[in-house]
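According to the numbering used here, the sequence shown is numbered sequentially starting from 151.
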Amino acid sequence: MPTTPILYLKDVVKRFDDFTALDNINLEIFEGEFLTIVGPSGSGKTTLIRLMVGMDEPTEGTIWLRNERIDQTPANKRPTCMVFQSLALFPHRSVGQNIEFPLKIKGVSPKVRSKRALELLELLHLPKSFYNKRISQCSGGEQQRIALARALAFDPEIIFFDEPLSALDYRLRKTLEKELVDLHERTGKTFVYITHSLEEAMVMSDRIAIMNSGKFEQIDVAEVIYSKPVSRFVASFMGEVNMFDFKCDSKGDIKIDGVEIRSSVLTKDKQKKYSKKAKGTLMVRPEFVRFNKAKETNDFQIRGYLRAEYELGSRIQYEVDTLDDSRVIIEKLREDRFKGKLGATVVIGWDIKHTHFIPND
Ligand code: ATP
């Protein structure tokens, strides 16, 4: 990944009257990367993207495109572009006219415009015959592709996507997710994408930025965010997770209510890190929790009973209620199905290598 950012936000704050929608945002976006901003509703994603494309100005802080300060530059003067959630295509015009629109305002000749539109149709896997079709005759998925072709016709430095796939059905969404990844690779453009959907973020992005209440909680590659979240919020936002409160006693030994810990598992280093009087969260993802076979032991172990079993397609999810009334979620691939009866007593456990500690601030 390049080390100089194409877009840089420094100490950005956005207030609406006395409500702070963005609270001291610092973000570097690198040339050619696919960055996805994920967060719950109201966390500030759209507000942030509006500042980046120039539809609004920050209350405080600065925005830089390479070495040029752009936070006061209006949208039409910025070499960026946005694909709107609501497509904003001209419904009664032809596909070709829609794609060519940005070139027309730039004064490009009709011959060059139509050549480029046909190239873009091909890039977006749409037949050339679509050139003369009306937008109103195209399906939702086709319209998304046309909107993308039009965005690419602007030849922007950065393309911003505000939940472009949210209104589409599951199968089409999956197809377009893969097409977007492919398009990103083929064009080499910088993509900034916002979504509620963690799954979408995981499939497509080079990096994921998790937003919560107007701040970034964590920005990193999907694998790190999934396996080493910095907070309980990120851990639970990134899919199913089991979390337990831990505290260290005066000797530096970790204690977790209801969990047996094999004494040798916590190395001196780890003990030091979560040292005396430390408190925090121990996290393990459901796919790493096992049902113990006879005489098998794990680094961390819990007794409980099997409460429920759910079919998730290729996987099965189990819920185990522990003796001290907490609930643990376990997921297994279908071929590794656990053959226990509901209500049966079970011993479950996992190993230190699949455990992540989140210290309290
Ligand atoms: P969603 O996923 O639901 O689209 P979001 O993460 O994009 O949400 P924003 O639309 O950025 O969230 O809104 C962030 C917060 O700022 C919300 O509480 C919203 O009500 C508030 N907000 C946004 N625009 C304005 C405005 N023009 N005036 C007042 N408050 C606003």
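Glycine residues also receive a C-beta, built at the ideal position from the N, C-alpha and C atoms.
As the structure is a computational prediction, the values presented were derived from the model and not from experiment.
Looking from the CA of P379, the closest CA among L473, D332 and V434 belongs to V434. In this structure, E367 keeps its C-beta atom at 8 Å or more from the C-beta atom of F341.
Buried is the label assigned to A267, since at least 16 other Cβ atoms lie within 10 Å of its Cβ.
Here the alpha carbons of L348 and S193 stand approximately 14 Å from one another. Residue pairing by DSSP puts P155 in a beta bridge opposite F180. Segment contact: the segment 478 to 494 against the segment 449 to 459, three or more CB-CB distances shorter than 8 Å; contact assigned. The ligand ATP has no heavy atom closer than 7 Å to the beta-carbon of A317.
Taking C-beta separations shorter than 7 Å and ignoring five residues to either side along the sequence, the partners of L172 in its chain run V162, V163, K164, G194, T197, L198 and G364, following chain order. Going by C-alpha positions, M354 is about 32 Å away from F488. By the neighbour-count criterion, in which 16 or more other beta carbons inside 10 Å mark a residue as buried, A225 falls on the exposed side. For the pair V245 and I508, the Cα-to-Cα distance works out to about 51 Å.
A straight line joining the alpha-carbon of A297 with that of L315 spans about 12 Å.
Comparing C-alpha distances from V470 to each of R457, G463 and S464 shows the shortest one belongs to R457. Under a 10 Å Cβ-count criterion, P260 is classified as exposed, with fewer than 16 other Cβ atoms of the shown protein chains found around its own Cβ. Beta-carbon to beta-carbon, I156 and L215 are separated by about 7 Å, close enough to satisfy the 8 Å threshold. By the CB criterion at 8 Å, F396 and T431 fall inside the cutoff. When beta bridges are read from the DSSP output, E481 appears opposite Q467.
The Cβ-Cβ distance between I213 and L253 does not fall below 8 Å.
Collapsing the DSSP output to three states places M354 in a helix. If you check the C-beta of S264 against the ligand ATP, you find no heavy atom less than 7 Å away. Nearest C-alpha to V258 among F304, M202, T154 and Y468: F304. Within the same chain, H242 and S244 come within 7 Å of R284 by CB-CB distance, once the 5 residues on both sides are set aside. Ordered along the chain, residues surrounding the ligand ATP are F166, F169, A171, G189, S191, G192, S193, G194, K195, T196, T197 and H346 [Cβ under 6 Å from any heavy atom]. With contact defined as three or more Cβ pairs closer than 8 Å, the segment 181 to 189 and the segment 331 to 345 are in contact. For T223, there is no enclosing beta strand (DSSP E), as DSSP marks it with neither H nor E.
About 6 Å separates the beta carbons of E350 and E327, which is inside the 8 Å limit, making them a contact pair. Around the C-beta of A444, fewer than 16 other C-beta atoms lie within 10 Å, and the residue is accordingly described as exposed. Shown here for T209: same chain residues with a beta carbon closer than 8 Å to its own, the five before and five after excluded, namely V163, K164 and R165 in chain order. Going by DSSP, T340 is part of the beta strand (DSSP E) stretching over T340 to T345. I411 places its beta carbon 8 Å or farther from that of F394.
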